[in-house]
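Residue numbers (the working numbering): 1 to 125.
Below is one structure, written out as structure tokens; the observations come after it.
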């Protein structure tokens, strides 16, 4: 490609809130969002690339997701204990996390706070 010969709009995003294409998928506000093998965002699933947490509900089209910050997720009671603060977590489904174990776990962040035995705060990565 040649160098620019005039200014251009770079469509810059700050990075903490980005738009991703959901195709025709339904995604609810607050859901973890991952990218399927077809390249479209959808409600989070284990072992898929994690994008962030949906800032809005959509049925198809672009969805805005938070890629940074801290979000609440459901968890199994064995996860919601103080000893797990600082540990890596991976998705179980679009609103539930478990401790990241094994080589194929996609780490989405670390536990920063135990809200209850079934809910944790996660610093997104």
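From the three backbone atoms N, C-alpha and C, an ideal C-beta is built for every residue, glycine too.
Test item: CB-CB of residue i and residue j under 9 Å
i	j	result
residue 41	residue 25	yes
residue 43	residue 33	yes
residue 91	residue 85	no
Three-state class that DSSP yields for residue i in the structure shown
i	result
residue 95	coil
residue 103	coil
residue 84	helix
residue 8	coil
residue 109	strand
residue 90	strand
residue 59	strand
residue 125	coil
residue 43	strand
Cross-strand partners of residue i (DSSP beta bridge)
i	result
residue 74	96, 119
residue 53	32, 66
Counted within 10 angstroms of its Cβ, other Cβ atoms place residue i as buried (16 or more) or exposed
i	result
residue 107	exposed
residue 94	buried
residue 65	buried
(request) Please list the segments of the beta strand (DSSP E) lying wholly inside the segment 16-41, counting only runs of 3 or more residues, in order along the chain. (result) 17-21, 32-35
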